[in-house]
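Chains as they are written, first to last, in the UniProt record's numbering: chain U, 1 to 356; chain C, 1 to 356. Ideal placement from N, C-alpha and C gives every residue a C-beta, glycine not left out. Keep in mind that this is a model prediction, so the values were computed, not measured.
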DNA sequence: TGACATAATTGGAACGTTCCAAATATTTAT
DNA sequence: ATAAATATTTGGAACGTTCCAATTATGTCA
């Protein structure tokens, strides 16, 4: 269609000024006379000018591309979708746009998309690293002065900022809640023991148990894949135990759903005959029957916060690696046997304050 | 950190060739000698060169930016999340990256993000337009030779490609299925009557009813907001009818869930006492109790297909506005009373072939 | 060996912007 | 009215790549 795009020079000619002046108004410089600014703007509108960020960026030596990269491992999981929405909100209102990619837990894919994003000149990256991500993987980025914020899963050795939810406090409050309901034998179900998140949640479980004056028994923690199927498997083992537990905190909501399935298969009604608490508060948690009592981590909030952190670092020019642990709250619904709650996503909620 | 980025010239010097040669190997040209190619590649790796697409793009006169824009109205809705994943899959393997933005149904937001994407030089756009989007809104884009593919909702007057699911055939098959189960009075519940999607689905309902040899009664179609609450409202009205229906097809899954709620509030068990069928097959549909019989639209497939279409147009250089209607299939689960199905997302499924 | 084809390489110029130093226009103060 | 200050505007020269036309190296054929 249009042969040649409208450039700053076209505007300059049409407005009777120099390209430099046009550039100045583009940048909102206070140096230009109000009259000329108005005229230039008018001409721009008239000719349908569109700013070429690529060119601008080229000159400005990488400083500010107005693009941030976001990579998650499973957009299909509503947890990450919400996270992305949170990022988008703050990033968008700062005039940035987000490159969003999905790795499906594939580390090769992750490398590819990060490389691609880099070629496109992102000025920052928010990433929920795929399973086997090496801490050194983001070294080149930070070496190039591109701030990186790791979310959800933390990356031990890497010198990047990170923001994770307070797994420990969350699990602890879940256990305390169950203990408060009179449960004496509370199991910890699901999750792979070789991950940092598992360690944190287990630690929280342990502190909760001890804080409630109960004994910590190793046989009450049974690991399994962090999936629905894993939950079925885990509850099966737990129920076969000598002194069987009467309640369980689960590694995440998927496991919790599986636990409910397994319970029902044994003619036990979750909530009534056995209390179960999840972790994450995925959307299905409130619609399920029974509605799942769970620890809500507010993924959208994490996204927003991560984005703010990233923007701060982008603007500061230098990236101080900083770590924040976000608050988490227990949402009491039905599956713990504490009774129904009226308002959907609310209910009795225990907010857990967080350190630095 | 690193003062100055590594450029093609640095590579050229280090490898003892000219920048032109380096450029050639960058583009995989067959003109360069294998030996030099290898050496250049080695040097690039050694110096940690990263390609600057912005610069390249500048020279190549807008032709190919390797960026596609994707805008959806609600990423939080798993329907759109899956769509985005579908787009990402094909786009990624074609070496593109996607700008993904969320409009939350705000048309201003939509305008902003599209403008921003344009400044960044996207070479194509996939958009699920916000509610009140004007057909003329994408005119400038196509005028600039940037192909646009509209998905999910179609945009009547716009001369852009679009891809929507076969609402009519889907609804028709749902009705036929219910009729096959012996239902004589089947209601059409939920949705706003002023939208194209509603019209299509209603038309499908009507054809289904007639194809089954039943009479079409206007009082059996009750509109309402396309939400869970709307479903409750609609089933309330439907049940108050003189000759009350024994089954219903719903505008979408949210409505269907609401219908189930409303049924239960009246001590009627969905599936057993009243058959309900949804539309969309959102993830919750299979996990719900009873599992929802619904028309599956495969959002990820739409995403993939839309992306393919877009890439084709980008490569072709010229955009023939083309319209495709994607196949849809009825997934029979429990809520229609046809009995339980063993495998999760499968069950008896009726694939509906689609025209052009 | 010379003439010619072919393979491989190469130096600018260009893409659309921003930056800089310098030029010009306008005020202000004397 | 003139110097000094201030407000505005302006030509290049970059930024890192690709393209083009032209050059040089290598091979082939008689």
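Roughly how far, in whole angstroms, is the beta-carbon of residue i from the beta-carbon of residue j, given that I think they are within contact range, below 8 Å?
i, j, result
"residue 121 of chain U", "residue 52 of chain U", "Not confirmed; about 14 Å, so no contact."
"residue 126 of chain C", "residue 96 of chain C", "Actually they do not touch by this definition, with Cβ atoms about 11 Å apart."
"residue 186 of chain C", "residue 175 of chain C", "6 Å"
"residue 359 of chain C", "residue 60 of chain U", "The requested residue 359 of chain C does not occur in the structure, where chain C is confined to residues 1 to 356."
To the nearest angstrom, how far is it from the Cα of residue i to the Cα of residue j?
i, j, result
"residue 360 of chain U", "residue 69 of chain U", "Outside the displayed span of chain U (1 to 356) sits residue 360 of chain U, for which this structure offers no information."
"residue 79 of chain U", "residue 72 of chain U", "10 Å"
"residue 151 of chain C", "residue 326 of chain C", "11 Å"
"residue 257 of chain C", "residue 313 of chain U", "45 Å"
"residue 330 of chain C", "residue 180 of chain C", "14 Å"
"residue 86 of chain C", "residue 10 of chain U", "40 Å"
"residue 14 of chain U", "residue 133 of chain C", "32 Å"
"residue 107 of chain U", "residue 7 of chain C", "27 Å"
"residue 21 of chain C", "residue 12 of chain C", "8 Å"
"residue 338 of chain C", "residue 247 of chain C", "12 Å"
"residue 194 of chain U", "residue 200 of chain U", "11 Å"
"residue 169 of chain U", "residue 204 of chain U", "6 Å"
"residue 308 of chain U", "residue 155 of chain U", "20 Å"
"residue 184 of chain C", "residue 284 of chain C", "29 Å"
"residue 158 of chain C", "residue 139 of chain C", "8 Å"
"residue 301 of chain C", "residue 83 of chain C", "7 Å"
"residue 317 of chain C", "residue 26 of chain C", "23 Å"
"residue 144 of chain C", "residue 319 of chain C", "11 Å"
"residue 74 of chain U", "residue 229 of chain U", "18 Å"
"residue 38 of chain C", "residue 146 of chain U", "29 Å"
"residue 206 of chain C", "residue 219 of chain C", "13 Å"
"residue 249 of chain U", "residue 255 of chain U", "10 Å"
"residue 16 of chain U", "residue 225 of chain C", "55 Å"
"residue 110 of chain U", "residue 244 of chain U", "43 Å"
"residue 358 of chain U", "residue 235 of chain C", "This structure cannot settle anything about residue 358 of chain U, because the visible part of chain U is limited to 1 through 356."
"residue 19 of chain U", "residue 30 of chain C", "40 Å"
Measuring CA to CA, which of the options is closest to residue i?
i, options, result
"residue 251 of chain U", "U:208, U:119 and U:192", "U:192"
"residue 65 of chain C", "U:310, U:119, U:248 and U:211", "U:119"
"residue 274 of chain C", "C:238, C:124, C:230 and C:29", "C:238"
"residue 5 of chain U", "U:30, U:35, U:42 and U:47", "U:47"
"residue 315 of chain C", "C:91, C:210 and C:226", "C:91"
"residue 321 of chain C", "C:289, C:220, C:142 and C:223", "C:142"
"residue 49 of chain C", "C:296, C:173, C:23 and C:31", "C:23"
"residue 135 of chain C", "C:263, C:317, C:148 and C:286", "C:148"
"residue 213 of chain U", "U:243, U:182 and U:298", "U:182"
"residue 311 of chain U", "U:116, U:124 and U:81", "U:124"
Does DSSP put residue i in a helix, in a strand, or in coil?
i, result
"residue 226 of chain U", "coil"
"residue 147 of chain U", "coil"
"residue 73 of chain C", "coil"
"residue 125 of chain C", "strand"
"residue 252 of chain C", "coil"
"residue 110 of chain C", "helix"
"residue 214 of chain C", "coil"
"residue 323 of chain U", "strand"
"residue 60 of chain C", "coil"
"residue 25 of chain C", "helix"
"residue 342 of chain C", "Here residue 342 of chain C scores only 35 on pLDDT, less than 50, and its place in the model should not be relied on; the value that follows carries that caveat. Correct three-state label for residue 342 of chain C: coil."
"residue 209 of chain U", "helix"
"residue 283 of chain U", "coil"
"residue 189 of chain C", "strand"
"residue 157 of chain U", "coil"
Just to make sure I have the definition right: I need the residues of chain U whose C-beta is within less than 7 Å of the C-beta of residue i. Which are they?
i, result
"residue 88 of chain C", "101 and 102"
Taking residue i as the query, report the chain U residues whose CB atoms sit under 9 Å from its CB, ordered along the chain.
i, result
"residue 58 of chain C", "52, 54, 55 and 58"
"residue 140 of chain C", "48 and 50"
"residue 334 of chain C", "What residue 334 of chain C touches in chain U: nothing, since even the nearest Cβ is about 13 Å away."
"residue 313 of chain C", "None at all; the shortest Cβ gap to chain U is about 13 Å."
"residue 92 of chain C", "101, 102, 109, 112, 113 and 116"
Residues of chain C with CB under 7 Å from residue i, in chain order?
i, result
"residue 75 of chain U", "81, 84 and 85"
"residue 172 of chain U", "In chain order: nothing, as chain C lies at least about 29 Å away."
Could you list which residues in chain C have their beta carbon closer than 9 Å to that of residue i, in chain order?
i, result
"residue 111 of chain U", "Simply none; closest approach about 12 Å."
"residue 67 of chain U", "99 and 120"
"residue 357 of chain U", "Lying before the first or after the last residue shown, residue 357 of chain U is absent from chain U, which here runs from 1 to 356."
Residues of chain U with CB closer than 8 Å to the CB of residue i, please, in chain order.
i, result
"residue 98 of chain C", "99, 100 and 101"
"residue 123 of chain C", "By Cβ distance, chain U contributes nothing, its closest Cβ being about 12 Å from residue 123 of chain C, past 8 Å."
Residue i versus chain C: which residues are under 8 Å apart at the beta carbon?
i, result
"residue 308 of chain U", "What residue 308 of chain U touches in chain C: nothing, since even the nearest Cβ is about 17 Å away."
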